[in-house]
Every structure is written in C-alpha cells, then in structure tokens.
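**Student:** Chains as they are written, first to last, in the working numbering: chain A, 2 to 330; chain B, 11 to 229.
Note that beta-carbon positions come from the ideal geometry of N, C-alpha and C, so glycine has one too.
Before anything else, here's the structure in question.
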Amino acid sequence: MKKFINNIDDVLVESLSGFAAAHADLVTLHLDPHFITRKNKAVNKVAIISGGGSGHEPLHSGYIGFGMLDAACPGHVFTSPTPDQMLMAAESVHADKGILFIVKNYAGDVMNFEMAAEMLPFESATVITSYDCAVINSTYTNGRRGVAGTVIVEKCVGSLAETGANLQACKTLGDKVNSRTASIGVALTSCTVPAAGRPTFDIDDSELEMGVGIHGEPGRRREVMREADAIVRDCVDAILSDLKPADNSEALLIINGFGATPLMELYLLYNSAAKLLSEHGIQISRSLVGNYITALDMAGASITLCLLDEEIKQHWDSPVHTAALRAGR
Amino acid sequence: MKTDFILSAAKAVQRTILANENTLESLDRAIGDGDHYINMKRGANAIVDMQAELAMLSPSEAINKIGLKLLSTIGGASGPLLASFFMAMAKVLETQAREDNALKENGDESALKVATAFAAGVQAIIQRGKADIGEKTMLDVLIPVSNQFILLAAQNCDVKQICTMLTQTAEQGMLATKDLIATKGRAAGLGERAIGHIDPGAKSCQLMIEAVCKLAMDA
C-alpha cells in the first residue's frame, strides 16, 4: 500500500480537518462525535442530514451548504456512522421544521440512522436511497444499494427545503427522485482500505467486476475486460430494463468516477452512454461527469440515469453552494 | 452473573478477536468489505478500556453501558446489532435483580436467568436486523445457541455441560453459514457467489461464545 498517511488511526480526523479548513467559509467541523455542519445555520427550514462511511468523498460532507445538506456524519472508512453523531448533528442544525435523514441503503447505515431517529427528540423522516440495479434479485437482498443517485436526491431535496417546504413534502420528493433513478457500477481494480493495508478483492488485469458496490463489494458477476462501448452497452441495458422509460423521456445522466479513473475516461464513457441512450429514444438534457461518490482508490465508474419531470428539473437546476457542487450562486 | 465475570469476559473476547485477525479479515474480504475485524477490534478495545468504570456498576448496568459504548464505537451493522443485544439483555437482568430484591433472595446464580437474558438479546438482534436463521448472518450462530441454552438451563445441566454444548453448537452454526446464500447483510448482493464462504459475523460470534464459555468453565 502506498498512500499519503501519517498515522493510520489519524487518517479520518486529519482529512476532515483539512476539508473543514479548506472550506472554512462553508462548513464547521465538530469532533467527538464527528459531524460537519453548515457555517451559517439555516432558519425555519427542514434540516437535511446525511452520513455514511468515509472513503466516498466528496460524499457527504462536500454537499453541505446552501441548497443541499445542513449536516453530514462521517463514519470510519466504509463503516456507518453511529447514532450519537446523528443526534448531535440534529441538535446542532434543527431549525424548527424537523429533520430529514438521507440514508444509503446499506444495512449498517439504515440501522444506525433508525436507532438515531428513535432516540431523537424532534420530528424526523428518512429517505432511503436505493436505485442500484446491479442487485438483481430482490428476494435475496435487502433491496438495492444506494450509490451515485444519492447526489441527485440530496440536491433536489435540499433545494426544496430551502423554499420552506415541510418535512413530508421533502420526503415525498426524495422518494420520487429515488424511484426514477437507476445506477450501475463497474470496477476495474479493487480499492484499499487504509487500515486493512491491502486490496479488498483480487481482480485480474483481464477482468472487470460488473455491478460493483461503492465499498468494493462484489456485484452481478466477474466478467472479461472488453472495449468501453461494450461495457457501457451492458450497463445501459441494465438501467433501461430497470427504469423502463417511455419514449422521448428526458433524463439526467451522471458518469461518476470511483476515485482512480481519470476524467478523460469518464468523458469517453459519457460519449458512449449518451449516444447509446439517444438511440434508445432518451433525451439527455442534464449531465454531470466527475468524481462525486468515490470508493477510495478504486478504478471504475458508475452510470446513473434519472428520469426528469418539471419538479425534479427545477430542483436540479436551482442555485447551490457547497464544496463539491456550486451553481447559480 | 457478576460484574467481575463480565469484565473477564470482555477481556477474553478482546483476546480472541485480536488472535483471529487474519481469519476475520480474510472472511470479510471474501464476501464483505474487509472491515469486520477492524470494527470488532475497535469495539472490544473500547470495552476493555472502560473496565474501571464498569467495575463500579451492577451487572445489568455494566451490560447496558457496554451496549451504549458499542453503539457509539463500532458503527456498521455490527454496532447497532450488538448494542441492541446488550441493551435488551441488560433490561432483563435488571428486572431479574429487582424481583430477586423484592423476594429478598440473594441474587441466585441460575443459568436459566442468564439464558433468558441472552435470549432477549438475540431477539433484539432479530428485530433490529429484520433477519432470521438461514440468512448467512450472526443469527445462524446466535439462534441455535440461545435455544439450546434455554433448554439445557431448564434441565438443570451444570455449567460445564452447558458450555461444552453451546461451544459445539456455535461452531456448527458458524460452519453451516458456508453453504448458505446470503439474504441479509453486505453479502446479500452476491447471490450464489457467497456459497463456500463462512459469514464473518457468524465467525466472530462463534469466537466470542467459545471464549466466554471457556471462561465460565474454568471459573
């Protein structure tokens, strides 16, 4: 393992401290328990809190700020945060209209947020993001996992909350975005958890992992490495058979890098996916390409498609000012 | 169950977790995300680090405190599941102690009391995880052990018999996860690819049960 590290045990706090220092105009870091809040507390709005294991930067802390999150709770690398973090974060950002938790559909995240919600002295609701169509047979799983589409949910719900909408309206929009989004990831290499010191899984130069999760957990199947267009075709097929969009559907396409794939390749994937989707009669009217939900140093990418309607479009386009996404402000 | 025993058990659990680093890590790398050992070690260390504080408490208070500490230390799925176990177990122990007090009994050390509290803990894991036996999780060890514990304790078996049997049952439950498809937890996305691998959560539970049983037998 070759990484920029001082002490394995200090990686998380040093990284959080750097994030907070670099974006001191936007966020405040709280330690023990760890949570990050907006610099300027919002008033009279639903407070949006997300969180999850670290190692997916800029998720979630990079999305704290006007138009998105009020607070984020970072766990250890790839490990869910704990209820004490969520309770303290909620205490800190609660602004009289309740708390909305946005939680990726992993057993640990769901259970920790569930225990926090049970202990919380405020009204709360939870949107569970789960649109990973890599997890095919839902009878054998807890349901689909949450991956890159979480950014769309956080953006849209965050935007709605800024208008003063109530808790239920925010939850309803989050659930709607989730139901209109599908995602699938492909890994070319493993990632290495710093504390583990070696790759999470073995993968040959001639192989790819189709349907990989954002922790390097295996997906649909191990396949032979092939040209980008063929990989994209399989991903797009999986997404379309899942979403079943009507002809001429308008959509947002995200090509998200997992951490070690250069932007050059991500744009190559975008080129391939956009062409293919237009052949299937999908109008791509919004796009996002870059590293938005990563898996440490994994090489690979995820393709996410969200079917737009006027409401989702309005909230996707609205002003936002966070460390990782900034538009119109 | 005395607080002294709880403290010794915490140390025994820490020892067995640390001694099985490679096993737990490789099992979790195969069908999970490779962090199970790190999380269990963090939890076990945190409990041993607070032994001075725990020593001042009654058994039920100590068990509850252990649950709360694990909840804020482990994270992942193991954190809330193990925390739910200890917090539910503590509630039953507290009720038992109150009843003993009312009857002016001297905190009679019956195995059935411990078994009942253990069963309440396992029930809390079932509810929190919405899982059951046969889903390739820690419950494949905990449910058979809990059922057998109640049965043996009700038959007035002695500590040695009970612990020998529970150790065996835990081992069988752990080994049985090898042939299962995971339907809960992180390995659930793998489908048939999970077959042939022992569940890391089942393994760590088996190790902890083995360590505590050995301690009880030697005591």
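In three-state DSSP terms, what is Val178 (chain A)?
**Tutor:** DSSP places Val178 (chain A) in helix when its eight states are reduced to three.
**Student:** Quick one, which residues of the stretch 78-109 of chain A are near chain B if we go by CB-CB under 9 Å, in chain order?
**Tutor:** Answer in chain order: Val78, Phe79, Thr80, Ser81, Pro82, Thr83, Pro84, Asp85, Gln86, Tyr107, Ala108, Gly109.
**Student:** Do you know whose CA, among A:Asn45, A:Lys40, A:Asp97, lies nearest Ala73 (chain A)'s CA?
**Tutor:** Selected option, being the one with the closest Cα: A:Lys40.
**Student:** Cα separation between Ala90 (chain A) and Ile50 (chain A)?
**Tutor:** In a straight line, the C-alpha of Ala90 (chain A) is about 8 Å away from that of Ile50 (chain A).
**Student:** Decide if the stretch 66-77 of chain B is in contact with the stretch 25-33 of chain A; the criterion is three or more beta carbon pairs, one per stretch, under 8 Å apart.
**Tutor:** Output reads no: the stretch 25-33 of chain A does not touch the stretch 66-77 of chain B.
**Student:** Inspect the beta-carbon positions of Thr187 (chain B) and Ala212 (chain B) and report whether they are closer than 8 Å.
**Tutor:** It is a contact, given that the beta carbons lie within the stated cut-off.
**Student:** Give every residue of the same chain whose Cβ lies closer than 6 Å to the Cβ of Phe102 (chain A), excluding the five residues on either side of it in the sequence, and list them in chain order.
**Tutor:** Excluding residues within five positions, the ones whose Cβ falls inside 6 Å are Ile50, Phe114, Thr127.
**Student:** Between the alpha carbons of Lys79 (chain B) and Ser94 (chain B), how many angstroms are there, rounded?
**Tutor:** Cα to Cα, Lys79 (chain B) sits roughly 11 Å from Ser94 (chain B).
**Student:** Whole angstroms are fine: how far does the CA of Ala196 (chain A) sit from the CA of His35 (chain A)?
**Tutor:** Roughly 19 Å separates the two Cα atoms.
**Student:** Assuming contact is defined by CB atoms lying nearer than 8 Å, are Pro200 (chain A) and Leu200 (chain B) in contact in what I supplied?
**Tutor:** The answer is no: Cβ separation not under 8 Å.
**Student:** Keeping to the same chain, check which residues put their C-beta closer than 6 Å to that of Leu37 (chain B); ignore five residues upstream and five downstream.
**Tutor:** Counting only Cβ-Cβ distances below 6 Å, and skipping sequence neighbours, we find Ile208, Pro210, Lys213.
**Student:** Can you list the beta strand (DSSP E) stretches of 3 or more residues lying completely in the stretch 232-265 of chain A, in chain order?
**Tutor:** Segments of the beta strand (DSSP E) lying fully in the stretch 232-265 of chain A: 251-258.
**Student:** Pull out every residue of the stretch 193-206 of chain A whose Cβ sits closer than 7 Å to any Cβ of chain B, in chain order.
**Tutor:** Taking 7 Å as the Cβ-Cβ cut-off against chain B, the residues of the stretch 193-206 of chain A that qualify are Val194, Ala196, Ala197, Thr201, Phe202.
**Student:** With 9 Å as the limit, tell me which residues of the stretch 81-96 of chain B have their beta carbon closer than that to any beta carbon of chain A; keep them in chain order.
**Tutor:** The stretch 81-96 of chain B vs chain A, Cβ under 9 Å: Leu81, Ser82, Thr83, Ile84, Gly85, Gly86, Ala87, Ser88, Gly89, Pro90, Leu91, Ala93, Ser94.
**Student:** Per DSSP, Asp133 (chain A) forms a beta bridge with which residues?
**Tutor:** Asp133 (chain A) pairs with A:Ser184.
**Student:** Take the Cβ of Ile6 (chain A) as the centre, count every other Cβ of all protein chains shown within 10 Å, and call the residue buried at 16 or more, exposed below.
**Tutor:** It is exposed - the Cβ of Ile6 (chain A) has fewer than 16 other Cβ atoms within 10 Å.
**Student:** Rounding to the nearest angstrom, what Cα-Cα distance links Ile16 (chain B) and Val102 (chain B) in this structure?
**Tutor:** Looking at the two C-alpha atoms, the distance is approximately 16 Å.
**Student:** Report yes or no: is there a C-beta of chain A within less than 8 Å of the C-beta of Leu200 (chain B)?
**Tutor:** Closer than 8 Å to some Cβ of chain A, the Cβ of Leu200 (chain B) qualifies, so yes.
**Student:** To the nearest angstrom, report how far apart Val1 (chain A) and Glu202 (chain B) are at their CA atoms.
**Tutor:** Within the shown structure, residues of chain A are numbered from 2 to 330, placing residue 1 (chain A) beyond reach of any answer.
**Student:** Three-state secondary structure (DSSP) at Gly282 (chain A)?
**Tutor:** Coil.
**Student:** Quick check: is the beta carbon of Glu220 (chain B) nearer than 8 Å to any beta carbon in chain A?
**Tutor:** Glu220 (chain B) does not count as touching chain A.
**Student:** Tell me which residues share the same chain as Asp298 (chain A) and place their Cβ nearer than 7 Å to its Cβ, disregarding the 5 neighbours each side in the sequence.
**Tutor:** Within the same chain, Asp298 (chain A) has close Cβ partners Cys192, Thr193, Gly260, Ala261.
**Student:** Mind listing which residues of the stretch 210-234 of chain A have their C-beta closer than 9 Å to chain B's C-betas, in chain order?
**Tutor:** The residues in question are Gly212, Gly214, His216, Gly217, Glu218, Pro219, Gly220, Arg221, Arg222, Arg223.
**Student:** Could you tell me which uninterrupted alpha helix (DSSP H) segments, each at least 4 residues in length, are contained entirely in the stretch 267-328 of chain A, listed from first to last along the chain?
**Tutor:** Complete alpha helix (DSSP H) runs here, min 4: 311-318.
**Student:** Do Asp85 (chain A) and the ligand HEM come close, with the Cβ less than 7 Å from some heavy atom?
**Tutor:** With respect to the ligand HEM, the structure offers nothing, as it holds no ligand at all.
**Student:** Using a C-beta cutoff of 8 Å, does Thr31 (chain B) count as contacting chain A?
**Tutor:** Correcting the residue type first, residue 31 (chain B) is Glu in the shown sequence and not Thr. Cβ-Cβ to chain A under 8 Å: no for Glu31 (chain B).
**Student:** DSSP three-state call for Thr127 (chain A): helix, strand or coil?
**Tutor:** Strand, per DSSP.
**Student:** For Ala22 (chain B), write down the residues that DSSP places opposite it in a beta bridge.
**Tutor:** BP columns for Ala22 (chain B) are empty, so no partner.
**Student:** Under a three-way DSSP split, which group does Pro122 (chain A) fall into?
**Tutor:** Looking at Pro122 (chain A) - three-state DSSP - the assignment turns out to be coil, as it is neither helix nor strand.
**Student:** Measuring only the C-alpha atoms, how far is Ile27 (chain B) from Thr177 (chain B)?
**Tutor:** Distance between the alpha carbons of Ile27 (chain B) and Thr177 (chain B): 16 Å.
**Student:** Short of 7 Å in beta carbon distance, which residues of its chain neighbour Ile143 (chain B), apart from the five on each side in sequence? Order them along the chain.
**Tutor:** Correct list, in chain order: Leu149, Asp150, Ile153.
**Student:** Within 10 Å of its beta-carbon, does Gln106 (chain B) have 16 or more other beta-carbons around it, so buried, or fewer, so exposed?
**Tutor:** Buried: at least 16 other Cβ atoms inside 10 Å.
**Student:** Could you name the residues of the same chain whose beta carbon sits closer than 8 Å to that of Val58 (chain B), not counting the 5 residues immediately before and after it, in chain order?
**Tutor:** Only Ala20, Lys21, Gln24 meet the Cβ criterion.
**Student:** Would a check of beta-carbon distances place Gly44 (chain B) closer than 8 Å to chain A?
**Tutor:** Yes, contact with chain A.
**Student:** How long is the line joining the alpha carbons of Asp133 (chain A) and Gly139 (chain B), rounded to whole angstroms?
**Tutor:** Going from the Cα of Asp133 (chain A) to the Cα of Gly139 (chain B) covers about 21 Å.
**Student:** Could you check whether the stretch 309-322 of chain A touches the stretch 160-171 of chain A, counting it as contact only if at least three pairs of C-beta atoms, one from each stretch, sit closer than 8 Å?
**Tutor:** Contact between the stretch 309-322 of chain A and the stretch 160-171 of chain A is present, because at least three Cβ pairs lie under 8 Å.
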